[in-house]
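Numbering (my numbering), first residue to last: 3 to 255.
A virtual CB, placed ideally from N, CA and C, is assigned to each residue, including glycine.
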C-alpha cells in the first residue's frame with residue numbers, strides 16, 4: 003500500500019491506498035485509540051484486493067498528527083468527503099468501526115449519492131448520559147498512570163474469550179494507544195463519547211443498503227431497525243475476530 007497525506011480542513015490526514023482502476027473503492031475508518039492497522043488482515047484478503055482500498059488514520063491517531071485541535075464530529079464528516087475529493091473518488095463502499103462508523107453514518111445522511119453500501123461495526127448511536135460523562139472524566143484521572151490506563155481500556159473493550167484466545171491483543175492495543183498523548187485521548191473522548199448525541203433517526207433515515215454489526219459482548223446495543231448482525235467478541239471486532247469481519251464485508255459487497 004502507498005502512504006499518502008491528504009490536505010483537509012482539519013490538516014494533514016494520512017491514508018493508505020491500494021488502487022484497482024474501474025472498481026468501487028472500499029474505504030475503511032477505525033475507532034478511538036486505534037489506527038488503520040486494525041484493518042490490515044481484512045484489507046489483505048484476495049477478494050477485497052480486487053477493489054481500490056483506502057485505509058484512513060483518523061484525526062490525532064496513527065500518522066494523522068498534524069491536525070487542527072478544534073475538530074469535532076462534523077469536522078470528521080467534512081474530512082471524509084475531502085479525502086474522497088482529493089483522491090478523485092465519486093462513490094464508495096464505506097466500512098467503519100465505532101467512531102469511524104459514526105462518521106460514515108453522518109456523511110451518508112448528508113450526501114447519500116457518494117455511497118454504494120455501508121458496513122458499520124460496533125457503532126454507538128445513543129446520546130451520552132450524565133453517568134457516562136462522569137465516568138469518562140473519572141477515568142481520565144488515571145492517565146497519570148498511562149500503561150495501567152491503556153491496559154484497563156483494552157480489557158474493557160474486548161471480550162474475555164478474545165483475550166484468552168489471543169494474548170497479543172492487549173499488547174497490540176497498548177502499542178496503538180502509546181502513540182496518543184494524554185490531551186489527544188481527552189480530546190477524542192470529548193468529541194466522540196462525552197458530546198455524543200442520539201443518531202437513531204439518522205439510522206432510520208438511511209436510504210443506502212447497509213448492515214450494522216456488533217460483537218456479542220460489545221457494550222454497544224444494536225439499533226431496533228435495519229439489517230443487523232451479531233458476531234463473537236466485544237467492541238473491537240476488527241481486531242478480535244478479523245476473519246468474521248472480513249467474511250461479513252465480502253458477503254455485503
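Does the separation of the CB atoms of residue i and residue j fall below 8 Å?
{"i": "residue 89", "j": "residue 107", "result": "no"}
{"i": "residue 44", "j": "residue 244", "result": "yes"}
{"i": "residue 28", "j": "residue 138", "result": "no"}
{"i": "residue 99", "j": "residue 65", "result": "no"}
{"i": "residue 204", "j": "residue 111", "result": "yes"}
{"i": "residue 10", "j": "residue 81", "result": "yes"}
{"i": "residue 76", "j": "residue 128", "result": "no"}
{"i": "residue 101", "j": "residue 33", "result": "yes"}
{"i": "residue 165", "j": "residue 157", "result": "yes"}
{"i": "residue 37", "j": "residue 178", "result": "yes"}
{"i": "residue 19", "j": "residue 4", "result": "yes"}
{"i": "residue 132", "j": "residue 118", "result": "no"}
{"i": "residue 160", "j": "residue 242", "result": "yes"}
{"i": "residue 35", "j": "residue 155", "result": "yes"}
{"i": "residue 140", "j": "residue 116", "result": "no"}
{"i": "residue 248", "j": "residue 47", "result": "yes"}
Residue i to residue j, Cα distance in whole Å?
{"i": "residue 227", "j": "residue 206", "result": "7 Å"}
{"i": "residue 68", "j": "residue 234", "result": "36 Å"}
{"i": "residue 31", "j": "residue 195", "result": "17 Å"}
{"i": "residue 208", "j": "residue 229", "result": "11 Å"}
{"i": "residue 142", "j": "residue 7", "result": "31 Å"}
{"i": "residue 57", "j": "residue 42", "result": "9 Å"}
{"i": "residue 192", "j": "residue 51", "result": "35 Å"}
{"i": "residue 186", "j": "residue 236", "result": "24 Å"}
{"i": "residue 26", "j": "residue 149", "result": "41 Å"}
{"i": "residue 92", "j": "residue 84", "result": "11 Å"}
{"i": "residue 21", "j": "residue 114", "result": "23 Å"}
{"i": "residue 197", "j": "residue 55", "result": "31 Å"}
{"i": "residue 292", "j": "residue 167", "result": "With the chain running from 3 to 255 in the structure shown, residue 292 is simply not present."}
{"i": "residue 176", "j": "residue 202", "result": "32 Å"}
{"i": "residue 251", "j": "residue 72", "result": "33 Å"}
{"i": "residue 49", "j": "residue 136", "result": "44 Å"}
{"i": "residue 188", "j": "residue 134", "result": "14 Å"}
{"i": "residue 221", "j": "residue 104", "result": "15 Å"}
{"i": "residue 78", "j": "residue 163", "result": "33 Å"}
Is DSSP giving residue i helix, strand or coil here?
{"i": "residue 231", "result": "strand"}
{"i": "residue 138", "result": "helix"}
{"i": "residue 5", "result": "strand"}
{"i": "residue 103", "result": "helix"}
{"i": "residue 238", "result": "coil"}
{"i": "residue 129", "result": "coil"}
{"i": "residue 156", "result": "helix"}
{"i": "residue 40", "result": "helix"}
{"i": "residue 94", "result": "strand"}
{"i": "residue 150", "result": "helix"}
{"i": "residue 194", "result": "helix"}
{"i": "residue 243", "result": "coil"}
Assuming residue i is part of the beta strand (DSSP E), what are its boundary residues?
{"i": "residue 118", "result": "117 to 123"}
{"i": "residue 20", "result": "13 to 20"}
{"i": "residue 217", "result": "212 to 217"}
{"i": "residue 29", "result": "28 to 31"}
Since residue i is in the alpha helix (DSSP H), which residue starts that stretch and which ends it?
{"i": "residue 166", "result": "162 to 167"}
{"i": "residue 88", "result": "75 to 89"}
{"i": "residue 176", "result": "170 to 179"}
{"i": "residue 187", "result": "184 to 191"}
{"i": "residue 56", "result": "From DSSP, residue 56 is part of no alpha helix (DSSP H) but of the beta strand (DSSP E) over 55 to 58."}
{"i": "residue 202", "result": "202 to 206"}
{"i": "residue 48", "result": "Premise fails: residue 48 is in no alpha helix (DSSP H) and is neither H nor E."}
Within 8 Å of any Cβ in chain B, is that where the Cβ of residue i sits?
{"i": "residue 128", "result": "No chain B is present in this structure, which holds just one protein chain."}
Is the segment 176 to 184 close to the segment 204 to 218, with three or more CB pairs under 8 Å? Short answer: they don't touch.
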